[in-house]
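In our numbering, the protein residues as written are 187 to 500. Since the structure comes first, as structure tokens, the remarks are kept for the end.
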Amino acid sequence: MAVPVILDCDPGHDDAFNILLAAAHPAIDLLAITTVAGNQTVESTTLNARRVCTVAGIEGVPIAPGRDRPLHGAPLAGENIHGDSGLDGPGFGDDEPRVPRDPRDALTLVRDILRTHPAPVTLVATGPLSNVATLLLAHPELSHRIERIVLMGGSTGRGNTTPAAEFNILCDPEAADIVFSCGRPVTMFGLNATHQVRATPEIVSRIASLGTPLARLCVELLTYFAGTYREVYGFETPPLHDPLTVAHLIDPSLISLVRAPVTVELAGAHTRGATLVDLDGVTGRPANAEVGMEVDVPGFWDLMIEAVRVLGDR
Ligand code: RIB
Ligand code: CA
Numbered sequence: 187m188a189v190p191v192i193l194d195c196d197p198g199h200d201d202a203f204n205i206l207l208a209a210a211h212p213a214i215d216l217l218a219i220t221t222v223a224g225n226q227t228v229e230s231t232t233l234n235a236r237r238v239c240t241v242a243g244i245e246g247v248p249i250a251p252g253r254d255r256p257l258h259g260a261p262l263a264g265e266n267i268h269g270d271s272g273l274d275g276p277g278f279g280d281d282e283p284r285v286p287r288d289p290r291d292a293l294t295l296v297r298d299i300l301r302t303h304p305a306p307v308t309l310v311a312t313g314p315l316s317n318v319a320t321l322l323l324a325h326p327e328l329s330h331r332i333e334r335i336v337l338m339g340g341s342t343g344r345g346n347t348t349p350a351a352e353f354n355i356l357c358d359p360e361a362a363d364i365v366f367s368c369g370r371p372v373t374m375f376g377l378n379a380t381h382q383v384r385a386t387p388e389i390v391s392r393i394a395s396l397g398t399p400l401a402r403l404c405v406e407l408l409t410y411f412a413g414t415y416r417e418v419y420g421f422e423t424p425p426l427h428d429p430l431t432v433a434h435l436i437d438p439s440l441i442s443l444v445r446a447p448v449t450v451e452l453a454g455a456h457t458r459g460a461t462l463v464d465l466d467g468v469t470g471r472p473a474n475a476e477v478g479m480e481v482d483v484p485g486f487w488d489l490m491i492e493a494v495r496v497l498g499d500r
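Following this line, the structure appears as structure tokens:
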């Protein structure tokens with residue numbers, strides 16, 4: 187049975203690949219895409235989700251915008267990595283993407299799906315957790331309709347936006363705290379896992395050799411992403427963070443997991459947004475999440491590249 191999934195994202199180059207993976211693989215039933223402010227404004231991330239679905243021929247998946255800011259404070263932005271559009275690199279032009287946005291906002295769309303879908307739904311979050319937290323706060327009566335929450339965010343070690351905090355969590359630490367405390371099963375893929383999946387020149391040339399317009403778009407996205415990751419972080423090759431979430435749902439054997447207590451730092455003057463993952467059980471806190479650790483990197487890329495092939499050949 188395909189896993190019913192709602193993607194909540196902030197496309198974003200790596201979010202875009204996660205949309206492709208979710209739409210292409212038969213193990214996933216992509217029910218909806220909701221967008222959030224993160225890598226760019228929610229207007230831009232919504233437009234980018236529509237652009238990706240239009241180019242990839244992903245039809246009939248409702249796309250709805252969510253929060254334009256975190257639960258508290260002002261939004262951060264990721265233009266240093268994803269560019270002014272949030273999806274710089276390819277020339278999408280100024281035409282309106284063919285795929286429309288849904289008339290509802292994200293909260294209403296997800297509420298309607300959770301109320302009506304015949305089975306509990308998996309929420310996959312690859313941006314700040316503002317929308318997911320808002321849903322949990324606004325509709326506690328629907329919590330049991332959430333099968334689990336699989337998210338890209340945090341780290342068992344260093345951050346990438348401050349030395350302590352990863353971008354998605356730092357954008358909205360209060361939202362992350364609500365998610366990790368919500369009581370539904372949470373699976374976290376942090377930088378310790380996502381930094382293992384680098385888009386190397388070999389990977390890029392495997393995608394290029396598919397020879398389709400979608401493959402060319404993916405190469406343009408990865409080429410831009412590699413440039414900013416080299417410039418900002420000095421990385422030789424960029425990590426494709428977000429698709430670890432859907433890859434895990436497709437094949438749970440791809441990434442090892444450990445159960446551990448995860449605490450989000452809210453008050454630290456220098457550590458706000460850190461995810462403190464108690465791998466050694468020294469805090470005595472109960473485990474509240476599964477945490478991704480070791481990735482089968484070739485297996486991940488085989489899945490990801492096959493998704494680009496399948497959609498590109500349609
Ligand atoms: O820190 C990496 C995360 O921040 C990814 O989800 C990327 O898309 C950005 O949102
Ligand atoms: Ca993202």
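Backbone N, C-alpha and C define an ideal beta-carbon position, used for all residues, glycine too.
Beyond the five residues adjoining it in sequence on each side, M479 comes within less than 8 Å, by CB distance, of T342, N378, A379, I441, S442, L443 and V444 in the same chain, given in chain order. For the 8 Å CB-CB criterion, P314 and G224 form a contact.
The three-state reading of DSSP puts P399 in helix, counting H, G and I together. Per DSSP, T232 is one residue of the alpha helix (DSSP H) stretching across V228 to A242. Relative to ligand 1, the beta carbon of H211 is positioned no closer than 7 Å to any heavy atom. Under the DSSP assignment, L216 falls in the beta strand (DSSP E) whose first and last residues are I214 to T221. In the pairwise beta carbon analysis, the segment 194–201 is classified as touching the segment 402–418: at least three pairs are separated by under 8 Å. Counted as a single uninterrupted DSSP element, the alpha helix (DSSP H) harbouring G498 occupies residues V483 to D499. The three-state secondary structure of S367, taken from DSSP, is coil. If you draw a 10 Å sphere on the C-beta of D363, you find 16 or more other C-beta atoms in it, and that means buried. In this structure A361 touches L257 by the C-beta definition: roughly 5 Å separates them, less than 8 Å. DSSP, reduced to helix, strand and coil, places V463 within a strand of the structure shown.
Residue pairing by DSSP places A311 opposite D194 and L337 in a beta bridge.
With respect to the 8 Å criterion, L328 and R370 are not classified as neighbours on the basis of their beta carbons. If you ignore the 5 residues before and after I244, its C-beta comes within less than 6 Å of the C-beta of A209, all in its own chain and listed in chain order.
Ligand 1 has a heavy atom closer than 7 Å to the beta-carbon of M338.
If you check the C-beta of T347 against ligand 2, you find no heavy atom less than 7 Å away. DSSP places P306 outside any beta strand (DSSP E), giving it a letter other than H or E. Annotated three-state conformation of V247 is coil, per DSSP.
By the criterion of a C-beta distance shorter than 8 Å, P399 is surrounded in its chain by V241 and G498, once the five residues flanking it on both sides are discounted. In this chain, the beta strand (DSSP E) harbouring F375 covers V372 to F375.
The straight-line gap separating the alpha-carbon atoms of P429 and T469 is approximately 31 Å. If you check the C-beta of G198 against ligand 2, you find a heavy atom less than 7 Å away.
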